[in-house]
Each structure stands twice: as structure tokens, then as C-alpha cells.
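Q:
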Amino acid sequence: MNFKCSMRQKIQASRRPKIPSTHMKRKSVARFFRGKNMLPVRKLQTTTSEESTSIQKPLDPVIDTDWSIGNYRNAHDTISSWELKMLFMQMHKMRISEHELVPLANVFANMVAYGCKYSPALMERVKELGELVYRRSEIKRVSRTIVPKEAAVHTEPERDTQNSEESESKRRLQLSRISPIFPARSLVEIFQNIVVVNNSLKETTEWFERLGSGTISIAISSLAPGVFDVKAYVANYFITRASGTYNMAYAQCVADLLDIMKNYCYQVNYIQRFPYLNYNVERLLNECPHTPVQCYQQNSIGYRLLRKLGWAGGALGSKQTGILEPIEVCGKFDRRGLGSLKPKIKHRSINAYVHEYSIDVHFYHVLMDAILANTPYYDLIFSPDFTECERILLTRLAVQRRLRCETRLSVTGQAQFVIKRYPLPPHVVLAQVLINKHPFVSKYYEVKSPKVLNYN
């Protein structure tokens, strides 16, 4: 359907739209006041009290500032880290609530003092809040003070005490990172209680159970004939699993468990083998010679006859070239035939060994008593110069006192008698080696740090 439009309609359509009357009135009013120092008075809008309360901005929440900053100082905080926390909390105490400010202060101190890493958003926020705090701490740290000579003498002991306090706080911090935690509430704390001892799962489990914080268990279940599923648990936490034949799955599960614990736990290895010259007990000879037989057989008939014939001691003969001791004759008191061998006596008294060997038996009696009383943490390795019979004597002395002993082969293949150590608890070894730097403990124990450090 075609619509026809006239020329008049086309002209009206091309024209500008009409301005409403209200606009024309405003324009005319503006023209009226143009060039005059008068402005039109705008009517004030009146609002009710209800409307005004609804338009007002919401008020900031009231922050409780009635709490002490000093209550949040930990025992392991160093002086520098505590100053960072204290300045951070003092600057933001009026703006941030207590339950939010204290964790932020801890994060700030850990980032500045120890270089810890957190989520990017948290680190950005803490960096903005603590920028001024860090500047103030730097100014305070490098500020120069000029004091008289007399005052400097008095400040030197204070500086020494401050340094000692800081070193002691660092020592407590290091000790808290290797000491067992009771009770352990997370797997990280459980791994801190575990120390892998001598790369042995058995010894590691024994020491972990002595702490009373759990145990390390292996669960075995059958999946199919000849196929087993082996799972490893640490204090009821599942760690790893392996499947296959019984021996293969068990060995694989134990190896994986040890590898995981080495990543997150400390290792303590006892150094058992030393070179040939590294032994700590010498072969001490008896300096007193054997008493001649005639000295303690003065009441015998032979001794008295010799004295009547003019013998004054020493060798026999006019030139004193004869024997020194009388011939010993073994009495026969059994019904065995001539030439038959006697059975070895199993239970001989230790006093029977005193006159047979050249070592000082009394000294080794005293040594065994000292070992029993002092419980050394290292093995007593005897010299390889001891003969086999002397090692038997030492074994009997140790067994009488219930000391653990054995005979080992040295690097050169010689037998050495060893009295086993009284093992130190692994956490004590960590403290002695890593913190106290004990020379003897460091010599006999090897400590390895975990590959992944979990410091809270």
C-alpha cells in the first residue's frame, strides 16, 4: 500500500523538533538576568527527618582498643621481630580489630625478619600496611646517637645483655622447631615428632612410640590370589600405598614411606664404622710381673728344702741358669684313660684368667663399672691388638654387668671387641648437634635436615 506525502509534510519533517515550553521559559529567564548581578533564587528542597536518616552514610563499626599488645609476645620471638610486631600493632590498633590485627602483625614480622612467603593478596595488603612501620624501624635501627664517654661505658654492658638476650631468643626459636609437640594436632606437627633413625623403619617407629604421640603402622589386605595391597599410616594418617606380590608390595611401601618421611623429617644416623686407627680403648698390659710360684708357696716342703740347701731365690744351678719356676704337674682325678682329651670347662671363674693373660684385668673391671654408671652415648671400640682369649674375657666381664657387646670386623678385616652405646633420643641428638654444636655428639652422629622445611 503506497502512502503519498505532500511537500509541506516533507518540510516539517526536516525541521528541528519543537522545544518544550518549559525550556523556552528557562531560556527567556536566563536572557532576562543576563548582564545583571542577580541570580535566580533556587528553592531549597525540604526533607523530613526520616528521609535524612535514610540518606546518611553508614557509620564505621566501633573497634575495641581495650587490649594489651604485650600479651601477644611469644617466648621464641627475637627482639627485632617483636619490635616489628609491636610497631605494626601500635600503628593500626585504632583502625583494625584485634582478631585481625594480631595475625597480620605476625605475617609482617615473618616476611621482614625471615623472608616467609604467603598468598599474593595477603602479602600485598601487609606490605601496604607495614610500609611506614618498616621505615620507622629502619630509622630507629640506623639512627646515630652521640653520648659522653662516661655514658658509653655504662651502655656497653647493656648492649652485651641485649645481644645475649637476642641470641637466647634465637636459640629458643631454633629449639622450638626441632622439639616434639604435645599434643600433635596436624600432620605437620606429627612429622616434627618423627626422626628417621639409621634409615630404619623399625628404629624410627620405636622412638616415635616412646614419645606417646602415635605409631607407624603397615596394613596389608589381599586383593586377589597372590596380589596384596599394602598401606602405610602415621598416627592414623594415610601416607602411601603399594600393590603387588607380598614381598614386592611390602618393600615398595616401606621404601616410599621412608622417602616421604625424609622429605619432611630430620634424619639421625649413627656412624658405626671407623678406620683401623680410630679406636678408643687401648690394650693395657699388666705392669706388675707375675709373682713367682715360690713366693706364695712358702709353706710347701720343696720350698723349705731349697732354703736349707742355700737357695736364696732366682734360677737353679751354680751359675743360676736353671728354671725359675717349679715344674707344674697336673693331677689326674678322673677315670679317663691316658691320652684322652678333657672336655672344655664352660664355666670357669674370671679369676682363672688373671694369671693366664698379660692384660690388666683389674683395669678392665673398673672400666666396665664406669661404663655401667655413666652410660656413654658412643660405642667403646677396643684395639684390634687384643687376642681372642682376651676378647672372651672382656665379653664375660660385659655380660656380668648386662652390657651390650659384640665383635666387629674393622676395615682391615681384624676383629675388634665393641661395647655398644646407650643410644641418645633422636631429638636430643638434634639439639646437641644443630644448636649446642657438641663435638663428641657431632663426631658419632650424622644429622640431615628435611628437604622440605615446614616452619609455621
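First residue of the sequence shown? That's 1 in UniProt numbering, and the numbers climb one at a time after it. Glycine included, each C-beta is placed from N, C-alpha and C at the ideal position. For clarity, every value in this text was computed on a predicted model and none was experimentally measured.
1. May I ask you to report which of helix, strand or coil DSSP gives E206?
2. Tell whether a beta-carbon distance below 8 Å holds between S383 and E282.
3. Can you tell me whether T204 is buried or exposed, with buried defined as 16 or more other CB within 10 angstroms of its CB?
4. Please state the DSSP three-state secondary structure of F363.
5. Going by DSSP in three states, L453 sits in which element: helix, strand or coil?
6. Can you tell me which of the three DSSP states D77 falls into?
7. On the criterion of 16 or more Cβ atoms from any shown chain inside 10 Å, does Y237 qualify as buried, or is it exposed?
8. Our contact map puts L87 next to V133 with C-beta atoms below 8 Å; I'd like the distance itself, whole angstroms only.
9. Spatial neighbours of N263 within its chain, please: C-beta separation below 8 Å, excluding the five flanking residues on both sides.
10. Identify, in the order they occur along the chain, each residue of the same chain with its Cβ nearer than 8 Å to the Cβ of K420, setting aside the five sequence neighbours on each side.
11. Look at V196 and Q267 and say whether their C-beta atoms are less than 8 Å apart.
12. Would the beta-carbon of I69 fall within 8 Å of that of M94?
13. Which of the three DSSP states is assigned to F182 in this structure?
14. DSSP beta-bridge partners for residue 459?
15. To which residues does DSSP link A398 through a beta bridge?
16. Find the nearest neighbour of L173 within the set A232, I435, I96 and Y444, judged by alpha-carbon distance.
17. So, helix, strand or coil for Q267, using DSSP?
18. Distance, Cα to Cα, D256 vs N198?
19. What number of angstroms, rounded off, separates the C-alpha of Y357 from the C-alpha of T395?
20. By the DSSP assignment, the alpha helix (DSSP H) with K308 in it spans what residues?
21. Measuring straight from C-alpha to C-alpha, what distance separates I194 and C265?
22. Determine the direct distance from the alpha carbon of L84 to that of P180, and round the result to whole angstroms.
23. In the DSSP assignment, find the beta strand (DSSP E) that holds E446 and state where it starts and stops.
24. Taking all protein chains shown into account, decide if T387 is buried (16 or more other Cβ within 10 angstroms of its Cβ) or exposed.
25. Name, in chain order, the residues that DSSP records as bridge partners for L285.
26. Going by the CB atoms, is the gap between I271 and I239 shorter than 8 Å?
27. Opposite A232 in the DSSP bridges: which residues?
28. Does DSSP classify I381 as helix, strand or coil?
29. Please list the terminal residues of the continuous beta strand (DSSP E) segment that includes V196.
30. Counting C-beta neighbours from all protein chains within 10 Å, is the total for G302 16 or more, i.e. buried, or is it exposed?
31. Are T78 and E166 closer than 8 Å when you measure CB to CB?
32. Go through its chain and collect everything with a Cβ distance to A224's Cβ below 6 Å, but skip five positions before and after it.
33. Distance, Cα to Cα, L409 vs R401?
34. Please say whether Y444 and L397 have beta carbons closer to each other than 8 Å?
35. Nearest to T215 by alpha carbon, out of V227, K202 and H362?
36. Alpha carbons only, please: which of L211, W207, R241 and F208 is nearest the one belonging to A219?
A: Put simply:
1. Taking the first residue of the sequence shown as 1, we reach residue 206 at position 206. If DSSP states are grouped into helix, strand and coil, E206 belongs with the helices.
2. Here residue 383 corresponds to residue number 383 of the sequence shown, with the count starting at 1. Here residue 282 corresponds to residue number 282 of the sequence shown, with the count starting at 1. Cβ distance < 8 Å, so S383 and E282 count as in contact.
3. Along the sequence shown, one-based indexing puts residue 204 at 204. With 16 or more other Cβ atoms within 10 Å, it is buried.
4. By 1-based counting over the sequence shown, the position of residue 363 is 363. DSSP places F363 in helix when its eight states are reduced to three.
5. Within the sequence shown, residue 453 is the residue found at index 453, counting from 1. L453 carries a coil assignment under DSSP once its states are collapsed to helix, strand and coil.
6. The residue given as residue 77 occupies position 77 in the sequence shown. Looking at D77 - three-state DSSP - the assignment turns out to be coil, as it is neither helix nor strand.
7. Along the sequence shown, one-based indexing puts residue 237 at 237. Exposed is the call here.
8. By one-based count along the sequence shown, residue 87 stands at place 87. By one-based count along the sequence shown, residue 133 stands at place 133. So it is a contact: roughly 5 Å between Cβ atoms.
9. Counting from one through the sequence shown, the residue named residue 263 turns up at place 263. Excluding positions up to five away in sequence, the list reads P450, K451 and V452.
10. Within the sequence shown, the letter at position 420 stands for residue 420. So the list reads D379, L403, R404, C405 and E406, once near-sequence residues are dropped.
11. In the sequence shown, counting from the first residue as 1, residue 196 sits at position 196. In the sequence shown, counting from the first residue as 1, residue 267 sits at position 267. For V196 and Q267, yes; Cβs fall inside 8 Å.
12. On the sequence shown, residue 69 is found 69 positions in, with the first residue counted as 1. On the sequence shown, residue 94 is found 94 positions in, with the first residue counted as 1. No; because the gap between Cβ atoms is not below 8 Å, this pair is not in contact.
13. As a first step, residue 182 must be located in the sequence shown, where it is residue number 182. Here F182 carries a coil assignment [DSSP, helix/strand/coil].
14. The structure shown does not extend to residue 459, since the chain is modelled only from 1 to 456, so the question has no answer here.
15. Residue mapping note: residue 398 aligns to position 398 of the sequence shown, counting from 1. Answer is none; A398 lacks a bridge partner.
16. Residue 173 sits at position 173 when you count from the first residue of the sequence shown. Answer by Cα proximity: I435.
17. Taking the sequence shown and counting its residues from 1, one reaches residue 267 at position 267. Residue state, collapsed to three classes: strand.
18. Along the sequence shown, one-based indexing puts residue 256 at 256. Along the sequence shown, one-based indexing puts residue 198 at 198. The straight-line gap from Cα to Cα measures roughly 16 Å.
19. Here the question's residue 357 lines up with position 357 in the sequence shown. Here the question's residue 395 lines up with position 395 in the sequence shown. Spanning the two alpha carbons is a distance of roughly 15 Å.
20. Reading the sequence shown from its first residue, position 308 is the one you call residue 308. First-last of the alpha helix (DSSP H) with K308: I301 to K308.
21. Position 194 of the sequence shown, counting from 1, holds the residue named residue 194. Position 265 of the sequence shown, counting from 1, holds the residue named residue 265. Roughly 6 Å between the two C-alpha positions.
22. Stepping through the sequence shown from its first residue, residue 180 is reached at position 180. Stepping through the sequence shown from its first residue, residue 84 is reached at position 84. Whole-angstrom Cα-Cα distance: 28 Å.
23. Working through the sequence shown from its first residue, we reach residue 446 at position 446. Note, E446: beta strand (DSSP E), Y445 to K448.
24. One-based indexing of the sequence shown puts residue 387 at position 387. T387 is exposed by the Cβ-count criterion.
25. Counted from its first residue, the sequence shown places residue 285 at position 285. DSSP lists I359 as partners of L285.
26. Numbered from its first residue, the sequence shown carries residue 239 at position 239. Numbered from its first residue, the sequence shown carries residue 271 at position 271. I271 sits away from I239, with the two beta carbons spaced by 8 Å or more.
27. Start at 1 with the first residue of the sequence shown, and residue 232 comes out as number 232. BP columns for A232 point to I218 and T240.
28. Counted from its first residue, the sequence shown places residue 381 at position 381. Reduced to three states, the DSSP call for I381 is strand.
29. As a first step, residue 196 is located in the sequence shown; it is residue number 196 there, counting from the start. Where V196 is concerned, the enclosing beta strand (DSSP E) stretches over V195 to V197.
30. Looking up residue 302 in the sequence shown gives position 302. Answer is exposed; the Cβ neighbour count stays below 16.
31. Your numbering for residue 78 matches position 78 in the sequence shown. Your numbering for residue 166 matches position 166 in the sequence shown. Yes, Cβ-Cβ distance for T78 and E166 is below 8 Å.
32. The count along the sequence shown starts at 1 and reaches residue 224 at position 224. Excluding residues within five positions, none has a Cβ falling inside 6 Å.
33. The count along the sequence shown starts at 1 and reaches residue 409 at position 409. The count along the sequence shown starts at 1 and reaches residue 401 at position 401. Each residue's alpha carbon lies about 24 Å from the other.
34. On the sequence shown, residue 397 is found 397 positions in, with the first residue counted as 1. On the sequence shown, residue 444 is found 444 positions in, with the first residue counted as 1. Not in contact: L397 and Y444 (Cβ atoms no closer than 8 Å).
35. Position 215 of the sequence shown, counted from the start, is the residue given in the question as residue 215. Closest by alpha carbon: K202.
36. Translated into positions along the sequence shown, residue 219 becomes position 219. Answer by Cα proximity: R241.
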